[in-house]
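Chain order of the listed sequences is D and W. For the first sequence, position 189 matches number 189 in the numbering used here, and the numbering has no gaps at all. Count along the second sequence from 1, then add 329; that gives the number in the numbering used here.
There are 2 protein chains.
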Amino acid sequence: MFCRTSPGSTSPARRQNKEKEIKETKITINCVTFPVSTSAPEQQLLKPSEWSYCDYFWADKRDPQGASVSGFEVLLQKQLKGKQMQKEMAEFIRERIKIEEEYAKNLSKLSMFPMAAQEEGTLGEAWAQLKKSLADEADVHLKFSSKLQSEVEKPLLTFRGDNFKKDMKKYDHHIADLRKQLVSRYAAVEKARKALADRQKDLEVKTQQLEIKLSNKTEEDIKKARRKSTQAGDDLMRCVDLYNQGQSKWFEEMVTTSLELERLEVERVETIQQLLRQYTTLRHETDMFNQSTMEPVDQLLQSVDPAKDRELWVKEHKTGDLRPVDMDI
Amino acid sequence: MFCRTSPGSTSPARRQNKEKEIKETKITINCVTFPVSTSAPEQQLLKPSEWSYCDYFWADKRDPQGASVSGFEVLLQKQLKGKQMQKEMAEFIRERIKIEEEYAKNLSKLSMFPMAAQEEGTLGEAWAQLKKSLADEADVHLKFSSKLQSEVEKPLLTFRGDNFKKDMKKYDHHIADLRKQLVSRYAAVEKARKALADRQKDLEVKTQQLEIKLSNKTEEDIKKARRKSTQAGDDLMRCVDLYNQGQSKWFEEMVTTSLELERLEVERVETIQQLLRQYTTLRHETDMFNQSTMEPVDQLLQSVDPAKDRELWVKEHKTGDLRPVDMDI
């Protein structure tokens, strides 16, 4: 729908000429009015170099099914998807937790198996500590899984509270309502425009008829037609005013709300970055604690002494130190 | 059984006196002859301060069931038990290997789960690397389990070859045979001793009978009896000689073989110490390699940039940067 030239011009010929001279500078798509891109000085971005949401989501687009989707809807879906991403990341961490708990359980069980429990002395001690170290490793992994739960998984699940979805719905409805209002105000403009055109045509016909003395229309009829035409013009102006107010309101709310969504997205990315760093910190810690379970084992292995073990064993198991001698006759 | 005084004494009374004066200095137990512990200067240990096998396993002992067990048998059992210990340690390592393989398998599977695969930009890259790091961890643990198998489990199972049990059997039979020989030679000594006693008693009786002119025994008979007595004395000497040779042989083999078992035990303890140190080395390595899987993740998390991600996303998903303008009338 193109906009019309101002009401009140008289000659059709002259009007046609004017239409040829005045290029179309604006276009209304889905009831939103844009400058035609080739006309006028270019608009400056509201937030240059920031790739801000408030600069890039004014038009509607078509989804794969052909339905119209507002730019704001695209922004909103991005936020809802972000919440889904958190949830999936938390699930991933949950799966890691389960794997760690299984590993810990297996190590713990094995540490209690009686293999070579009868080994004695310094070697026996070192072996016993080696077996125990598996229980220590199990503890390290249990601690890891416990911290994963409290310091990564839980925050991932909860840092956007339950209110998040409600807030998104609120924004959604608010912006959509402003668009709906724009639609009805645009319809009013179109209606008023048509009414004006009808009134103008009527006036023109009546004026022509007067000039060629076609009918018995009096000056009175023409005045009435002219009055109605003027009134229709006033109606149109009022409708256009209301429309422009509605569009301005929607514009303001778009800027405010899209910037809020932008802020929320920055917050989401930074929070996730922080939580994933916590994950890597916990992994580093875990590997270090795990290394330290080897220290007592290394120490005892260092102390393994075959001579000492022989002494201990011989003292316990010797049968007699008197050596045999020749029998006398 | 006590040893007898030398053959050839004449008066029973005198003999009894000699028996009272000569204390028992030796005792034969299970056909092995020992000094009585209170007699004679104390024996010096063959290897003082070493608690050597060759010094402490001369006597037999009784097992809980009351059967007689040689000192050598105790040493041999120790070596066979040592082989059992190795086997059990290897089983323990095998169980650890299974646990590591399970852990690696679980991490590997999880790394391929599609959670949050739709996250994009710098955050998406960091997340993807975090997921991949689980596959890297899995590789670290698989490498660990592989080295556990080749550098710890396998050597534990094989460092005493199949020949070990055969060798132990050979030693067992060899020493046991020498003891059996001692038993039969001791029996011969006892037999010869008894024969000598009989010959001596016969001579005594015949001599007495001659003195009191009891019988018609001639000098000839007494000479014969005396000859038999001397011969029995020679037999006894020969039997005692053979016995002593047999005991010396057994003694030598005991010293040699028990020292070999002692050496084998030192080797066993040192080898196991070395293999268990290899275990702790592998564990240290593993924890270090595991830590390094976090490096690329840390780097990418460092690079997470909400502004950059916004730019990437907006460039891809923007709907239009022309802002709406007022409608003209």
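Cβ atoms here follow ideal geometry from the backbone N, Cα and C, with glycine treated the same way. This one's a predicted model, so the numbers in the text were calculated from it and none came from an experiment.
Verify the CB distance criterion: does residue 640(W) have a CB-CB separation below 7 Å to chain D?
One-based indexing of the second sequence puts residue 640(W) at position 311. By this cut-off, residue 640(W) is an interface position.
For residue 404(W), which residues in the same chain have their Cβ closer than 7 Å to its Cβ, ignoring the five residues on either side in sequence?
Within the second sequence, numbered from 1, the residue matching residue 404(W) stands at position 75. Excluding its 5 nearest sequence neighbours in each direction, residue 404(W) has C-beta neighbours in its own chain below 7 Å: 382, 386, 587, 590, listed in chain order.
Can you give me the C-alpha to C-alpha distance between residue 515(W) and residue 524(W), rounded to a whole angstrom?
Your numbering for residue 515(W) matches position 186 in the second sequence. Your numbering for residue 524(W) matches position 195 in the second sequence. So the alpha carbons of these two residues sit roughly 14 Å apart.
Could you give the distance in angstroms between the alpha-carbon of residue 638(W) and the alpha-carbon of residue 651(W)?
Translated into the one-based positions of the second sequence, residue 638(W) becomes position 309. Translated into the one-based positions of the second sequence, residue 651(W) becomes position 322. Cα to Cα, the separation comes out at about 22 Å.
Give me the residue from 223(D), 190(D), 197(D) with the minimum Cα distance to residue 206(D).
Residue mapping note: residue 206(D) aligns to position 206 of the first sequence, counting from 1. Of all alpha-carbon atoms in 223(D), 190(D), 197(D), the one lying nearest the alpha-carbon of residue 206(D) is that of 223(D).
Which full runs of the beta strand (DSSP E) of 3+ residues lie inside the segment 491–539 of chain W, going along the chain?
Fully enclosed beta strand (DSSP E) runs of 3 or longer: not present.
How would you list, in chain order, the residues of chain W whose beta-carbon sits under 9 Å from the beta-carbon of residue 320(D)?
What you label residue 320(D) is simply residue 320 of the first sequence in a count that begins at 1. 363, 385, 386, 387, 388, 389, 390, 400, listed in chain order.
By the DSSP assignment, the beta strand (DSSP E) with residue 363(W) in it spans what residues?
Residue numbering aside, residue 363(W) sits at position 34 when the second sequence is read from its first letter. Counting along the chain, the beta strand (DSSP E) containing residue 363(W) begins and ends at 361–364.
On the DSSP letters alone, give me the boundaries of the alpha helix (DSSP H) that residue 98(D) sits inside.
Within the first sequence, the letter at position 98 stands for residue 98(D). Segment 71–111, the alpha helix (DSSP H) holding residue 98(D).
For a contact meaning CB atoms closer than 9 Å, what does residue 144(D) contact in chain W?
The sequence position of residue 144(D) within the first sequence is 144, counting from 1. Under the 9 Å cutoff, chain W gives no residues; its nearest Cβ is about 12 Å from residue 144(D).
Give a yes or no on whether 7 Å exceeds the smallest Cβ distance from residue 222(D) to chain W.
Walking along the first sequence from the start, residue 222(D) turns up at place 222. No, no contact with chain W.
Does the beta-carbon of residue 418(W) have 16 or more other beta-carbons within 10 angstroms, so that it is buried, or is it exposed?
Counting from 1 along the second sequence, the entry for residue 418(W) is found at position 89. Residue 418(W) comes out buried.
For residue 280(D), tell me which candidate among 621(W), 606(W), 607(W) has the shortest Cα-Cα distance.
As a working note, residue 280(D) is residue 280 in the first sequence. When only C-alpha atoms are compared, the closest one is 621(W).
Starting from residue 297(D), find everything on chain W with Cβ-Cβ shorter than 7 Å and list it in chain order.
Here residue 297(D) refers to the residue found at position 297 of the first sequence. Those are 609, listed as they occur along chain W.
Quick one: list the residues of chain W neighbouring residue 28(D), beta-carbon separation under 8 Å, in chain order.
By 1-based counting over the first sequence, the position of residue 28(D) is 28. The answer, in chain order, is 656.
Chain W residues whose Cβ lies nearer than 7 Å to that of residue 96(D):
The residue given as residue 96(D) occupies position 96 in the first sequence. Correct list: 439.
Cβ shell of residue 315(D) (< 8 Å), same chain only, five flanking positions each side left out:
For this step, residue 315(D) is matched to residue 315 along the first sequence. Closer than 8 Å at the Cβ level, and outside the excluded window around residue 315(D), lies no residue.
Might you give, ordered along the chain, the residues of its own chain that have their beta carbon closer than 6 Å to the beta carbon of residue 110(D), omitting 5 neighbours on each side?
Here residue 110(D) refers to the residue found at position 110 of the first sequence. Excluding sequence positions up to five before and after residue 110(D), its CB lies within less than 6 Å of the CB of 134, all in the same chain and listed in chain order.
Comparing C-alpha positions only, which one of 268(D), 286(D), 61(D), 317(D) sits nearest to residue 647(W)?
As a working note, residue 647(W) is residue 318 in the second sequence. For residue 647(W), the nearest C-alpha among the options comes from 61(D).
Unbroken alpha helix (DSSP H) run spanning residue 547(W), endpoints
Position 218 of the second sequence, counted from the start, is the residue given in the question as residue 547(W). Counting along the chain, residue 547(W) falls outside any alpha helix (DSSP H), and DSSP gives it neither H nor E.
Give me whichever residues DSSP pairs with residue 224(D) in a beta bridge.
Counting from one through the first sequence, the residue named residue 224(D) turns up at place 224. Answer is none; residue 224(D) lacks a bridge partner.
Cβ separation of residue 436(W) and residue 99(D), assumed to be a contact under 8 Å, to the nearest whole Å:
Position 107 of the second sequence, counted from the start, is the residue given in the question as residue 436(W). Position 99 of the first sequence, counted from the start, is the residue given in the question as residue 99(D). Between residue 436(W) and residue 99(D) a beta carbon distance of about 6 Å is seen, short of the 8 Å cut, so the two are scored as contacting.
Between residue 428(W) and chain D, is any beta-carbon pair separated by less than 7 Å?
As a position in the second sequence, residue 428(W) is number 99, starting the count at 1. Chain D, which has a Cβ nearer than 7 Å to the Cβ of residue 428(W), makes this yes.
From the beta carbon of residue 64(D), is the nearest beta carbon of chain W less than 7 Å away?
On the first sequence, residue 64(D) is found 64 positions in, with the first residue counted as 1. Chain W places no beta carbon closer than 7 Å to that of residue 64(D), leaving this residue out of the contacts.
Using a Cβ-Cβ cut-off of 6 Å (strictly less than) and excluding sequence neighbours within five positions of residue 450(W), which residues of its own chain qualify?
Within the second sequence, the letter at position 121 stands for residue 450(W). Cβ neighbours of residue 450(W) beyond the five flanking positions: 638, 641.
Which residues of the segment 570–585 of chain W have a Cβ closer than 7 Å to any Cβ of chain D? Give them in chain order.
Listed in sequence order: 572, 573, 576, 580.
N- and C-terminal bounds of the alpha helix (DSSP H) containing residue 355(W):
Locating residue 355(W) in the second sequence gives position 26, where the first residue counts as 1. Looking at the DSSP string, residue 355(W) is not in any alpha helix (DSSP H); the run it does join, the beta strand (DSSP E), is 355–358.
Complete runs of the alpha helix (DSSP H) confined to the segment 254–324 of chain D [at least 4 residues]:
Within the segment 254–324 of chain D, complete alpha helix (DSSP H) segments of at least 4 residues are found at 295–302, 306–317, given in chain order.
Name, please, each residue of chain D whose Cβ falls closer than 7 Å to the Cβ of residue 606(W).
Taking the second sequence and counting its residues from 1, the one referred to as residue 606(W) is at position 277. In chain order: 301.
Could you tell me whether the segment 476–491 of chain W touches the segment 558–569 of chain W, using the rule of 3 or more Cβ pairs below 8 Å?
Result no; under three Cβ-Cβ pairs closer than 8 Å.
Assign residue 282(D) to one of two classes, buried (16 or more other C-beta atoms within 10 Å of its C-beta) or exposed (fewer than that).
Taking the first residue of the first sequence as 1, we reach residue 282(D) at position 282. With 16 or more Cβ atoms within 10 Å of its Cβ, residue 282(D) is classed as buried.
Helix, strand or coil for residue 375(W), going by three-state DSSP, please let me know.
Here residue 375(W) refers to the residue found at position 46 of the second sequence. DSSP places residue 375(W) in coil when its eight states are reduced to three.
Give a yes or no on whether 7 Å exceeds the smallest Cβ distance from residue 560(W) to chain D.
Residue numbering aside, residue 560(W) sits at position 231 when the second sequence is read from its first letter. By this cut-off, residue 560(W) is not an interface position.
Got a sec? Which residues, its chain only, sit under 7 Å from residue 364(W) by beta carbon, not counting five neighbours each side?
Start at 1 with the first residue of the second sequence, and residue 364(W) comes out as number 35. 354, 355.
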